[in-house]
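Chain order of the listed sequences is V and D.
When the count follows our numbering, it moves up by one through the first sequence with no breaks and lands on 107 for the last residue.
When the count follows our numbering, it moves up by one through the second sequence with no breaks and lands on 207 for the last residue.
All C-beta atoms, glycine included, are put in the ideal place defined by N, C-alpha and C.
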Amino acid sequence: KAGVTQTPRYLIKTRGQQVTLSCSPISGHRSVSWYQQTPGQGLQFLFEYFSETQRNKGNFPGRFSGRQFSNSRSEMNVSTLELGDSALYLCASSWPRTADTQYFGPGTRLTVL
Amino acid sequence: GQQVMQIPQYQHVQEGEDFTTYCNSSTTLSNIQWYKQRPGGHPVFLIQLVKSGEVKKQKRLTFQFGEAKKNSSLHITATQTTDVGTYFCASNAGGTSYGKLTFGQGTILTVHP
């Protein structure tokens, strides 16, 4: 099976812009979670989608949003980018029968200038 | 919400030495998971522990979950250069929150040949 894929892998934006990141889960996986990884804050949970519904949400401002499509592919959007949004954004998918095992994608490295 | 503290932040060892990283929580955890992230890579699931006092082994790696389910450890015997990376513990609240992982800060392991 193909692993979790994320596009794009690298992105450079300027403050005030918005960005959309994409995640394709492993075939058959219905849950997609998003995480932000920074050297200072570590790995922080953003949100999780299951069957096109946001099921869990982390403590991030409303500038961070996401959605999931009927094929389980997910996107996250960050509006009005700030310098502090520079990070590695990771998505992870999981399968209902092995619910606790999360499979991470390679991440999107976002740099905000 | 759940919080997990992980120590040490860094560990430098000579190849062949043992390595241990510890996770602690002030609250009882539903489970504990361990992930490894190689430099430049993404987190990869290693194992999950759910039972009080559980011990699991994977070759040179030994994982323990405390009796009170508030702490966990990962021990590597006779480290090799392939063990280099950051080791994270993580936990979710169980139930429909399995997609929301709370990560420890990670322990960065360096192995000198």
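- The shortest C-alpha to C-alpha distance from residue 42 (chain V) to any of V:50, V:101 and V:97 is the one to V:50.
- Under the three-state reduction of DSSP, residue 66 (chain V) is assigned to coil, being neither helix nor strand.
- Under the Cβ criterion of 9 Å, residue 96 (chain V) is counted among the residues facing chain D.
- Classified as exposed, residue 112 (chain D) has fewer than 16 neighbouring CB atoms from the shown chains inside 10 Å of its CB.
- Residues 26, 43, 46 and 68 of the same chain have their beta carbon placed closer than 7 Å to that of residue 62 (chain V), with the five preceding and five following residues left out of the count.
- With fewer than 16 other Cβ atoms from the protein chains shown falling within 10 Å of its own Cβ, residue 99 (chain D) counts as exposed.
- If one requires a minimum length of 3 residues, the beta strand (DSSP E) runs lying completely within the stretch 24 to 106 of chain V are 25 to 32, 36 to 44, 47 to 51, 58 to 62, 68 to 72, 81 to 88 and 102 to 106, in chain order.
- Neighbours of residue 65 (chain V) in chain D, taken as residues at a C-beta separation under 7 Å, are lacking, since the least C-beta distance is about 18 Å.
- By the Cβ rule, the stretch -3 to 11 of chain V does not count as touching the stretch 167 to 180 of chain D, because fewer than three pairs are nearer than 8 Å.
- With a threshold of 9 Å between beta carbons, residue 142 (chain D) makes contact with chain V.
- Contacts between residue 100 (chain V) and chain D, judged by CB atoms closer than 7 Å, involve 136 in chain order.
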